[in-house]
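A.B. asks: There's a structure below that I have some questions on.
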Amino acid sequence: MVLNDIVISMENIAIDYFEYTREKVFSLGKINQIQAVKNASLQIRDGERVAIIGRNGSGKSTLLRCIAGMLRPASGRLETTGRILFLSGVDPGFDPELTGRENIKQLAVAYGVPKVEIEDFISSVKEFTELGDAFERKFGGYSGGMRGKLGFGFISDLRSDVLLIDETFGAGDREFKKKSRSKMNAMIDEISTVIMCTHGLPLARDICDRGLVMDSGNLVFDGPVSDAIDYYEELTSSSINWVEFPYNEKYVSDEGVFFDFKTEFKVAEGLRLVIHDQRKKEFIIIEELDDGENLFIKRNALPEHLDCKFKLQQFREDRWYDASRYIQLTPKVAEEE
Amino acid sequence: MAKRLFATPSGVLTAIGIIGVISKLPERFILKLIIEHSKCLVLGERTNVEKVVDREKVLFMVRTKFRKTTKRRFLGYAWLVLDPLILSLIYLFVFTVVRANINATSILIGITMYRVFQTSLMAGISAIPDPNGGLKCERISTKILLSATVLHRTIDIFFQTSLITGILVYAFDTSVSGGFIFLILCQIMGFLFFGFGSILSPLVKRIPDIGTLIGYVLRLGFFASPAMYPMSRMTGLHYNFNEYNPFAYFAESARLLLGVDSVFESLNPLHFLLIVTVLVLLTIIGFKRIDFLRWRMTTWS
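Protein chains in written order, with numbering that gives the first Met the number 0: chain R, 0 to 336; chain G, 0 to 300.
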């Protein structure tokens, strides 16, 4: 559909937020100008998959919102071609007073799903979300996970020329996460141009071919996604504040590696395990961890030789912090193997 | 077919024409968005399918707005009609039975019109801060937002006034044509005050205290304006103040047209003309600026 090769053309875009603040009770207050994006210029061609990476507050989401036409730039010019869908979170505009089915029906029509296809669309969402009878209940009574499922089920069935994704992953339980990841991949395959801002570096590497790195409102890197990730990791590694996550003991067995921690941890806080394969010089990231005080890594998730370092990381505020001491598995263990 | 087309010079010209049209066709359907500091411009002709989708978006927004006012209530949408009616009947009881000296028709007209005035002004004030009409995944054009708001206001005013008009016609011997004029007058007034309210919108968004102050002024206005009693009951400064009150002209003209006690004919026609002209101008400015104000307010946090 898009004839022009360039679907997004951005010239010197700067975006400022205006925040009204009042320090004293009887003060009239003042308006603070916050520079979120500074003179960003780029061109995105039809068919490109672009990942925007950067710390929280670096201007990724602001840039994405501006591309969607939802934010006014302070200066510069931006031109987009084709229908743009902006997915931020998993709420396309649900009404708590309506049932899941009614919400899907109303929103589908409003987002341009042809009326003849509505019933199929609803069935597809219902089947994907696995909400069962809850699909016929009021949305206001849904749990957070159920809302996320319905939202994701809906937005992943929408189609557009350009798709802007702002961290729209992670709703529901582990099974659903897997399912939603594969559905999102299918959606991305069908849509020609995708721009996503994410903290999930492996995801960016999997899906995108071009990477942009933003830092303090500046577009500091534009190039192949793997180079962008390396650049970002270099950028952030210097400013990481390590935190202790002490453990009592660890065991290495034929089944895998077991850690007994002193404090309970929750996956909801954002925990992942990074295994550094010492021989291949590769990182293996395990993101699906259960809550609790213990951690067990199965042997099949580990390299055969077991010559590796383990690092538990916790996501706080805007970056991954180290949440464990480095644990070097001795070559002796590998020999035992 | 192609061979036949290219066999003669006219055929070649036709073929070139067809190719030209086909190559131009998709371009017309491409949605282009030009985003600058001063504007967010949507280019490209809307196809019929897109126009239908736009209409569905408008209906979605209107339904959502109504649901917000009727949520969790057993009688649902019926409250849109019942609420103004019950409130009017309460005031009617207070002023006709307790004080027993004001014409019931006059009170019903005044209270109904004041409610329309109040809700329209407040709707205008809160029109712009609603950035996308509840649809969060896509930029919604100002035209769609405005269409939804105007349609919502029209239906809402109709609900607020229809049952009371019916009561005026059947229970208080108002003529059918009078009732019809009353409905039209309420719609015009609602439209004008909505446009006026939209001008105040950025100011209220920036300084919310002004919104609270407007609330107080409207509450005072209910008692000071010719809402619960006609202007003929006013004297001195109170009367003089209402000569500059835009609402007074609408309420008194409605009373005149419905054949109840009204001082409309004795009011200065120049004042009336001036007030209506200013209101119309402000409404035009308000509607014209909505797109710009909406765009400007996207970066206000």
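The beta carbon of each residue, even a glycine, is placed where N, CA and C say it ideally should be. Predicted model, so just to flag it, every value in this text is computed and none were measured.
#1: Can a CB atom of chain R be found closer than 8 Å to the CB of V52/G?
#2: Opposite S87/R in the DSSP bridges: which residues?
#3: On the DSSP letters alone, give me the boundaries of the beta strand (DSSP E) that V36/R sits inside.
#4: Check whether the stretch 223 to 231 of chain R and the stretch 69 to 81 of chain R are in contact - that is, three or more C-beta pairs closer than 8 Å.
#5: Enumerate in chain order the residues of its own chain whose CB-to-CB distance from K104/R is below 7 Å, with the five nearest sequence positions on each side excluded.
#6: Check the C-beta distance from D214/R over to S57/R and give it rounded, since I have them as a contact under 8 Å.
#7: Do we get a CB-CB distance below 8 Å when we pair T282/G with the residues of chain R?
#8: If you follow the beta strand (DSSP E) that T402/R is part of, which residue opens it and which one closes it?
#9: Do the stretch 86 to 104 of chain R and the stretch 45 to 54 of chain G touch if we need at least three Cβ pairs shorter than 8 Å?
#10: Taking the beta carbon of F263/G as the centre, do at least 16 other beta carbons fall within 10 Å, making it buried, or is it exposed?
#11: In terms of residues, what are the limits of the alpha helix (DSSP H) holding G178/G?
#12: Quick check on I154/G: does DSSP put it in helix, strand or coil?
#13: Skipping 5 residues on each side, what residues in its chain have a beta carbon closer than 8 Å to that of S197/G?
#14: Can you name, in chain order, every residue of its own chain whose Cβ lies under 8 Å from the Cβ of I163/G, other than the five neighbours on each side?
#15: What did DSSP end up calling M227/G once you bin it into helix, strand or coil?
#16: Beta-carbon separation of I51/R and L211/R under 8 Å?
#17: Bridge partners for I33/G per DSSP, in chain order?
#18: So what does DSSP say about M60/G, is it helix, strand or coil?
#19: Return the residues of the stretch 152 to 175 of chain G that lie within a Cβ-Cβ distance of less than 7 Å from chain R, sorted by chain order.
#20: Considering only DSSP beta bridges, list what V212/R is partnered with.
#21: Can you check whether the C-beta of E18/R is within less than 8 Å of a C-beta belonging to chain C?
#22: Taking the runs of the beta strand (DSSP E) that are 3 residues or longer, which of them lie wholly in the stretch 115 to 181 of chain R?
#23: For a contact meaning CB atoms closer than 8 Å, what does E35/G contact in chain R?
#24: What are the boundary residues of the beta strand (DSSP E) that includes N11/R?
#25: Here's the rule I'm using: 16 or more other beta-carbon atoms within 10 Å means buried, otherwise exposed. How should L280/G be labelled?
#26: Reducing DSSP to helix, strand and coil, say where P330/R ends up.
#27: Counting Cβ pairs closer than 8 Å, one from the stretch 246 to 253 of chain G and one from the stretch 174 to 189 of chain G, do we hit at least three?
#28: From T104/G to I143/G, what distance separates their C-alpha atoms?
#29: Within 8 Å, do at least three Cβ pairs link the stretch 192 to 208 of chain R to the stretch 15 to 23 of chain R?
#30: Using only CA atoms, which one of S174/G, D208/G, A226/G lies nearest to F25/R?
#31: List the residues of chain G that D94/R touches, going by C-beta distances under 7 Å, in chain order.
#32: Taking the continuous beta strand (DSSP E) assigned at I194/R, which residues delimit it?
#33: V24/R versus chain G: which residues are under 8 Å apart at the beta carbon?
#34: Does S300/G come out as helix, strand or coil in the three-state DSSP assignment?
#35: Take F222/G as the anchor and find which of V277/G, F190/G, R114/G, G189/G has the nearest alpha-carbon.
#36: Rounded to the nearest angstrom, what separates L257/G and S176/G at their Cα positions?
C.D. replies: On the basis of the data shown:
#1: Start at 1 with the first residue of the second sequence, and residue 52/G comes out as number 53. Chain R contact via Cβ: present.
#2: The residue you call residue 87/R lines up with position 88 of the first sequence. According to DSSP, which records beta bridges pairwise, S87/R is partnered with D165/R.
#3: On the first sequence, position 37 is the one that residue 36/R refers to. In the DSSP assignment, V36/R falls within the beta strand (DSSP E) that extends over 29 to 44.
#4: No, because fewer than three Cβ pairs between the stretch 223 to 231 of chain R and the stretch 69 to 81 of chain R fall closer than 8 Å, the two stretches do not touch.
#5: Looking up residue 104/R in the first sequence gives position 105. Here the set comprises I117, I121.
#6: Numbered from 1 along the first sequence, position 215 holds the residue referred to as residue 214/R. Numbered from 1 along the first sequence, position 58 holds the residue referred to as residue 57/R. Contact flag correct, Cβ pair sits at about 5 Å.
#7: The residue you call residue 282/G lines up with position 283 of the second sequence. Under the Cβ distance rule, T282/G does not count among the residues neighbouring chain R, no pair being separated by less than 8 Å.
#8: Nothing in the structure corresponds to residue 402/R, since chain R is present only between 0 and 336.
#9: Judged by pairs of C-beta atoms under 8 Å, the stretch 86 to 104 of chain R does not touch the stretch 45 to 54 of chain G, as fewer than three such pairs exist.
#10: Start at 1 with the first residue of the second sequence, and residue 263/G comes out as number 264. Label assigned to F263/G: buried.
#11: Here residue 178/G is taken as the residue at index 179 of the second sequence, counted from 1. Following the DSSP letters along the chain, one finds G178/G inside the alpha helix (DSSP H) bounded by residues 175 to 205.
#12: If you number the second sequence from 1, residue 154/G lands on position 155. In the structure shown, I154/G sits in a helix (DSSP, three-state: H, G or I).
#13: If you number the second sequence from 1, residue 197/G lands on position 198. Closer than 8 Å at Cβ, skipping near neighbours: G123, I124, A126, I127, G285, F286, R288, I289, L292.
#14: Counting from one through the second sequence, the residue named residue 163/G turns up at place 164. Here the set comprises P83, L84, S87, L107, T111.
#15: Along the second sequence, read from residue 1 onward, the residue named residue 227/G stands at position 228. Coil.
#16: Here residue 51/R corresponds to residue number 52 of the first sequence, with the count starting at 1. Here residue 211/R corresponds to residue number 212 of the first sequence, with the count starting at 1. Taking 8 Å as the cut-off, the beta carbon of I51/R is found closer than this to the beta carbon of L211/R.
#17: By 1-based counting over the second sequence, the position of residue 33/G is 34. DSSP lists E78/R, L40/G as partners of I33/G.
#18: For the purposes of this step, residue 60/G is identified with residue 61 of the second sequence, where counting begins at 1. Looking at M60/G - three-state DSSP - the assignment turns out to be helix.
#19: If the cut-off is 7 Å between Cβ atoms, the stretch 152 to 175 of chain G has nothing near chain R.
#20: Position 213 of the first sequence, counted from the start, is the residue given in the question as residue 212/R. In the DSSP assignment, V212/R is bridged to I52/R, F220/R.
#21: The structure shown has no chain C; the protein chains it does contain are R and G.
#22: You should have 161 to 165.
#23: One-based indexing of the second sequence puts residue 35/G at position 36. Within chain R, the residues near E35/G are P72, G75, R76, L77.
#24: Position 12 of the first sequence, counting from 1, holds the residue named residue 11/R. Residues 5 to 20.
#25: Numbered from its first residue, the second sequence carries residue 280/G at position 281. Here L280/G is exposed. Its C-beta has fewer than 16 other C-beta atoms within 10 Å.
#26: What you label residue 330/R is simply residue 331 of the first sequence in a count that begins at 1. At P330/R, the pLDDT of 38 sits below 50, so the modelled position is not reliable; the number obtained from the coordinates is stated separately. Three-state result, P330/R: helix.
#27: Contact holds: three or more Cβ-Cβ distances are below 8 Å.
#28: As a working mapping, residue 104/G is identified with position 105 in the second sequence. As a working mapping, residue 143/G is identified with position 144 in the second sequence. Looking at the two C-alpha atoms, the distance is approximately 38 Å.
#29: Taking one beta carbon from each stretch, the stretch 15 to 23 of chain R and the stretch 192 to 208 of chain R have fewer than 3 pairs nearer than 8 Å; the two do not touch.
#30: The residue you call residue 25/R lines up with position 26 of the first sequence. When only C-alpha atoms are compared, the closest one is D208/G.
#31: On the first sequence, residue 94/R is found 95 positions in, with the first residue counted as 1. Chain G residues near D94/R: T63, R66.
#32: One-based indexing of the first sequence puts residue 194/R at position 195. Per DSSP, the continuous beta strand (DSSP E) segment holding I194/R begins and ends at 192 to 196.
#33: Within the first sequence, numbered from 1, the residue matching residue 24/R stands at position 25. Within chain G, no C-beta atom comes nearer than 8 Å to that of V24/R; the closest sits roughly 12 Å away.
#34: Residue 300/G sits at position 301 when you count from the first residue of the second sequence. Of the three classes helix, strand and coil, the one that applies to S300/G here is coil, per DSSP.
#35: Counting from one through the second sequence, the residue named residue 222/G turns up at place 223. Ranked by how close their Cα comes to the Cα of F222/G, the residues V277/G, F190/G, R114/G, G189/G have R114/G in first place.
#36: Position 258 of the second sequence, counting from 1, holds the residue named residue 257/G. Position 177 of the second sequence, counting from 1, holds the residue named residue 176/G. Cα-Cα distance, rounded: 9 Å.
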